[in-house]
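Worksheet for the structure shown next.
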Amino acid sequence: MNILVTGGAGFIGSHLVERLLEQGHYVWTLDDMSTGKLHFLNEATENNRHSMIYGSVTDKYLLRGLMERCDVVFHLAAVLGVKNTVENPLKVIEGNIDGTRNILELAHQNGVKVVFASTSEIYGKNNKLPFNEESDRVLGAPSIHRWSYATAKAIDEHLCFAYAERGLRVSVVRYFNAYGPRQTSSQYGGVVARFIRAALRNQPIEVYHDGSQIRCFTYIRDTVEGTLAAMGSHANGQAFNVGSEHAITIRDLAYKIRDLSGSSSPIVYVPYAKAYGPGYEDMPVRMPDLARSRNVLNYEPSVSLDEGLKLSIDWFREQLKDGNLS
Ligand code: UDP
1 MNILVTGGAG FIGSHLVERL LEQGHYVWTL DDMSTGKLHF LNEATENNRH
51 SMIYGSVTDK YLLRGLMERC DVVFHLAAVL GVKNTVENPL KVIEGNIDGT
101 RNILELAHQN GVKVVFASTS EIYGKNNKLP FNEESDRVLG APSIHRWSYA
151 TAKAIDEHLC FAYAERGLRV SVVRYFNAYG PRQTSSQYGG VVARFIRAAL
201 RNQPIEVYHD GSQIRCFTYI RDTVEGTLAA MGSHANGQAF NVGSEHAITI
251 RDLAYKIRDL SGSSSPIVYV PYAKAYGPGY EDMPVRMPDL ARSRNVLNYE
301 PSVSLDEGLK LSIDWFREQL KDGNLS
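Those letters in the sequence shown? Residues 1 to 326, by full-length UniProt numbering.
Structure below.
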């Protein structure tokens with residue numbers, strides 16, 4: 001098939017592109033390189049079934065030309081990261097809603113199947129665990145920028161389902177804390193990448209708050225398998241959690257990463273207000289219910305946390321050695 005991957009030079013996108021090429025598809029990567037990295041596509045660019053297009057999903061003319069030629073689009077391009085969400089909510093809202101609307105409209109016009117990459121953030125402040133796909137979305141206050149990303153992604157999902165009703169073939173995958181090689185970390189977020197980078201440099205590992213927050217980290221290979229499975233027609237018109245069920249506190253994660261990297265980093269505790277600025281609302285626990293993904297997508301996460309962390313640490317170590325980590 002001819003497949004377009006928006007955000008294909010990013011962390012999840014670049015791994016997805018590689019898997020699609022392995023499966024024999026023709027793949028176009030569309031990326032504005034705002035957070036993507038060309039070298040993530042080194043392997044893909046050696047393949048003559050891959051083309052890289054530098055551009056934005058807000059460019060309708062460019063998109064129209066691509067959509068006329070493809071069968072499926074994986075829409076992963078997004079304005080994301082805690083830093084943007086906290087400091088630049090307008091960019092987050094526009095970047096996520098306008099681009100997705102273009103994708104959905106043009107896919108609808110051209111009969112293209114869409115797999116939309118969403119996030120476990122959309123469950124908001126819901127504290128009924130685990131989250132199944134029909135769980136309520138508990139809204140955070142609009143005056144708190146931190147919720148701008150979750151809200152924009154939730155509106156994107158509303159758009160997906162609205163277009164589904166008009167006949168668009170679309171499925172939604174909600175990612176739970178993906179990690180692995182190429183994970184980018186920012187000033188605040190991407191905890192696994194942040195901890196590994198600190199550990200490999202023997203610098204302090206900063207645990208925010210008391211580290212009792214719980215997450216289910218999902219190795220990139222499992223994230224990609226769940227995304228690929230959503231391409232099938234049986235997935236149309238539905239959202240799917242793509243995560244793991246291995247729950248761990250951030251404190252335990254810090255110790256585990258320090259041990260697995262053989263590091264002497266001190267583990268320090270940083271209050272939320274110092275980490276994010278005033279008013280940040282963190283989620284104490286986030287956990288997926290995988291029943292629907294198992295039943296419909298045949299999805300089963302298969303990489304253990306220890307195994308995934310070891311693979312990640314090896315990759316970050318190589319990058320550090322080659323001078324690729326800033
Ligand atoms: N966190 C931390 N230290 C860091 C970065 C994040 O303790 O350097 C915490 C953060 O407060 C949250 C968890 O790790 O409770 C996961 O953060 P991340 O940004 O990776 O993903 P989130 O689940 O918040 O989307």
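Note that beta-carbon positions come from the ideal geometry of N, C-alpha and C, so glycine has one too.
message: Can you list, in chain order, the residues of its chain with a C-beta nearer than 8 Å to that of Ala247? Leave out the 5 residues immediately preceding and following it.
response: Ile214, Arg215, Cys216, Val285, Met287
field: Distance CB(Pro181)-CB(Ile122) smaller than 9 Å
entry: no
query: Counting Cβ pairs closer than 8 Å, one from the region 68 to 86 and one from the region 131 to 140, do we hit at least three?
result: no
query: Can you find a heavy atom of the ligand UDP that lies under 8 Å from the Cβ of Tyr272?
result: yes
Beta-carbon proximity check, Asn236 vs Arg292, cutoff 9 Å: no
field: Candidates Leu90, Val115, Gly95, of which the one nearest Gly232 by Cα
entry: Val115
query: Taking the alpha helix (DSSP H) that Glu94 falls in, what are its first and last residues?
result: 89 to 110
- prompt: Between the region 140 to 154 and the region 190 to 208, are three or more C-beta pairs nearer than 8 Å?
  reply: No, because fewer than three Cβ pairs between the region 140 to 154 and the region 190 to 208 fall closer than 8 Å, the two stretches do not touch.
query: For Glu206, does the three-state DSSP call read helix, strand or coil?
result: DSSP places Glu206 in strand when its eight states are reduced to three.
field: Nearest-angstrom Cβ-Cβ length linking Ser312 and Val192, presumed shorter than 8 Å
entry: That pair is a contact at about 7 Å.
- request: Determine the direct distance from the alpha carbon of Ser186 to that of Arg194, and round the result to whole angstroms.
  value: Looking at the two C-alpha atoms, the distance is approximately 8 Å.
message: So the candidates are Gly7, Arg174, His50, Ser148; which of them puts its Cα closest to the Cα of Leu90?
response: Ser148
field: Gly211: CB within 8 Å of a non-hydrogen atom of the ligand UDP
entry: yes
task: Using alpha carbons as the reference points, say which of Ala44, Leu305, Thr85, Val5 lies closest to Glu281.
output: The residue with the shortest Cα to Cα distance from Glu281 is Thr85.
- request: Would you mind stating whether Leu38 and Gly8 have Cβ atoms separated by less than 9 Å?
  value: no
- request: Taking only heavy atoms of the ligand UDP into account, decide whether any of them is closer than 8 Å to the Cβ of Ile144.
  value: no
task: Please report how far the alpha carbon of Ala275 lies from the alpha carbon of Asn2, in whole angstroms.
output: 43 Å
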